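Chains as they are written, first to last, in my numbering: chain A, 264 to 335; chain E, 922 to 1506. Where a beta carbon is used, it is the ideal one built from N, C-alpha and C, also for glycine. As the structure is a computational prediction, the values presented were derived from the model and not from experiment.
Pasting the structure below:
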């Protein structure tokens, strides 16, 4: 690879792509916070649930969200 | 045909004027520059508002007075009644506003459009307006090069205003120069003959130029330079109002029933307003004189008086026609009825709004949902179920077991009449609507295309599945019957959960349901989970049944998966959650 091409790629990575990366980071953070809020709300609902069936249902939902959170 | 033969004549006429008169050349150039300015301003407001105009219109048209006020304010701000008309037609097609609300906006818009006359008469002909055009053009062009959409929109507005000012400047200059050679005032006509002749000229000029604002600018500049008499200018203004409805009617010929209804409402309004103005022309002129004195307009300031006249007769028109709005709605709904030829076509895709990205996207979304709703009928019936029997049911498998009667539906015929043409309309519209869209909007269009394709492919798959579902439903072999009931249950469950997702306000709840659904349909992989092996080993089913079951499980899986993907596109609003739902497996 020619040196000027290497510089071009590096420039692209550090300048333009940085903006994209920042955007991606922001989106990820937003999503993480949404997930966290939902997880907390489901945990609260589990504590408040009066039937076993309801608790199980909510626990399944919580499991799904925790799994998604882990994969992020 | 008429248009084809008139157009060359029109071009020849323009060419003759350009070569024969230096002054006419300047005036025509002024009109052309003015029109370009209007186009830039319209584009600018589309970009600058970023969909805000649409949101305001959607929320502020719940009753006729509110709709009139909204139409007036919006047109006064964006200075384009055609932009407003386009948005209103799209909302009407998407059933986001009522016909009476849409008519109210059009009435209000007619008053709003008179603000152009005020601007031109107050600034355009009194000061050297072209002097201000240059900085606007320069800053406008600089802003247009900015990557930010708001700056680009502002740039277009400034460029548009610059051209409008420049155009007015040229028109004024042309009329002033013309006065030295040819004094048009010598053709002034008094009495009602003059009124009718000048109304006709005003209407024809507006039909040719396709903009009543441009016609008004010409009338005002000609009046300011003394090239036409005040009374004749009043008649020309009435003519411009009538002429603009001809343009709207021609534009609506290729539109759907809603577009036609609105164009006819606009036509009726302007004709009634025009008739009132003709009959009471001299009385209205007196009213203008009295009002002018009270609001400080000089008795000799004919351009301002013309602007006042233009506003007064449009306000009178609104007052006269508004009480009959609901009767007008009933009349128009009876006049234009959507033709049902047995073949389902697009309901929401209006060609008039194809150039407005936000409206085109909203129309596309509605249409893909329309396609989905059509398709769900065939999914349910092909597996011998009625939607109302399993939607919202706790135990869908029990419902499936109980529903053994075959429902007569020819899936191929259904595809030909209810899906194929509609799908074609969506693909065509999606492709043509992309010209003015930015990258994000194009990606959205791409997703709508994919969602439509998924729905259509699912319909084709269900045609295959239907054959064996019908066959094995009557089988004496309880095992294979049960296996096919499981397939039916998975599809019914998918439709039921998607129905839930449609009603969800919280995208996170939808995400959970999508994830659960994706897990649930994995059970349809009967090779992967070893189910088919155990059925064969136990001699529960014949090898022929086994091959059918393998194929049909695969069809059922594909149908469910495609519908889930379509649901993600259509009903999860948050982009990030949408991506996560698409990736979740």
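Option in the options with minimal Cα separation from residue i
i                       : options                           : result
residue 1386 of chain E : E:978, E:1443 and E:1471          : E:1471
residue 1389 of chain E : E:945, E:938, E:1142 and E:1473   : E:1473
residue 1298 of chain E : E:1327, E:1288 and E:1332         : E:1332
residue 1076 of chain E : E:1314, E:1496, E:958 and E:1000  : E:958
residue 1392 of chain E : E:944, E:943, E:1273 and E:1406   : E:1406
residue 978 of chain E  : E:1337, E:964, E:963 and E:994    : E:994
residue 1241 of chain E : E:1135, E:1213, E:1194 and E:1121 : E:1194
residue 1141 of chain E : E:1463, E:1354, E:1323 and E:1156 : E:1156
residue 1151 of chain E : E:1204, E:1083, E:1432 and E:1223 : E:1223
residue 1320 of chain E : E:1354, E:1252, E:1081 and E:1310 : E:1310
residue 1130 of chain E : E:1170, E:981, E:955 and E:1468   : E:955
residue 999 of chain E  : E:1074, E:1436 and E:1012         : E:1074
residue 1401 of chain E : E:1313, E:1439 and E:1452         : E:1452
residue 1495 of chain E : A:290, A:286, A:334 and A:269     : A:290
residue 1328 of chain E : E:1350, E:1322, E:1334 and E:1301 : E:1301
residue 1045 of chain E : E:1214, E:1033 and E:1145         : E:1145
residue 1070 of chain E : E:1358, E:1200 and E:1216         : E:1358
residue 1231 of chain E : E:1037, E:1497, E:1466 and E:990  : E:1037
residue 1501 of chain E : E:1440, E:1465, E:1454 and E:1435 : E:1435
residue 1305 of chain E : E:1294, E:1383, E:1450 and E:1270 : E:1383
residue 1121 of chain E : E:1093, E:1447 and E:1164         : E:1164
Local Cβ density within 10 Å of residue i, reported as buried at 16 or more and exposed below that
i                       : result
residue 1344 of chain E : buried
residue 1409 of chain E : buried
residue 986 of chain E  : exposed
residue 1258 of chain E : exposed
residue 996 of chain E  : buried
residue 1153 of chain E : buried
residue 1091 of chain E : buried
residue 981 of chain E  : buried
residue 1113 of chain E : exposed
residue 315 of chain A  : exposed
residue 266 of chain A  : exposed
residue 1035 of chain E : buried
Closer than 9 Å to chain E by CB, residue i
i                      : result
residue 329 of chain A : no
residue 306 of chain A : no
residue 290 of chain A : yes
residue 293 of chain A : yes
residue 315 of chain A : no
residue 323 of chain A : yes
residue 297 of chain A : yes
Chain A within 9 Å of residue i, Cβ atoms only
i                       : result
residue 1410 of chain E : no
residue 1429 of chain E : yes
residue 1433 of chain E : yes
residue 1330 of chain E : no
residue 1438 of chain E : no
residue 1416 of chain E : no
residue 1314 of chain E : no
residue 1219 of chain E : no
residue 1497 of chain E : yes
residue 1501 of chain E : yes
Residue i and residue j closer than 9 Å at C-beta
i                       : j                       : result
residue 1234 of chain E : residue 1189 of chain E : no
residue 992 of chain E  : residue 1028 of chain E : yes
residue 1292 of chain E : residue 1377 of chain E : yes
residue 984 of chain E  : residue 1162 of chain E : no
residue 1256 of chain E : residue 1020 of chain E : no
residue 1041 of chain E : residue 1228 of chain E : yes
residue 946 of chain E  : residue 1088 of chain E : no
residue 1369 of chain E : residue 1285 of chain E : yes
residue 1209 of chain E : residue 1226 of chain E : yes
Presumed contact (8 Å Cβ cut-off) between residue i and residue j, rounded CB distance
i                       : j                       : result
residue 1373 of chain E : residue 1239 of chain E : 42 Å between Cβ atoms; not a contact.
residue 1296 of chain E : residue 1340 of chain E : 6 Å
residue 1362 of chain E : residue 1282 of chain E : 6 Å
residue 1422 of chain E : residue 1481 of chain E : Wrong, their Cβ atoms sit about 13 Å apart, outside the cutoff.
residue 1438 of chain E : residue 1478 of chain E : Rounded, the Cβ-Cβ distance is 12 Å, inconsistent with contact.
residue 309 of chain A  : residue 321 of chain A  : 5 Å
Near the ligand SAM: residue i beta-carbon under 8 Å from a heavy atom
i                       : result
residue 1325 of chain E : This structure lacks the ligand SAM, and indeed carries no ligand of any kind.
Short CB-CB distance (under 9 Å) between residue i and chain B
i                      : result
residue 301 of chain A : Chain labels in this structure do not include chain B; the protein chains are A and E.
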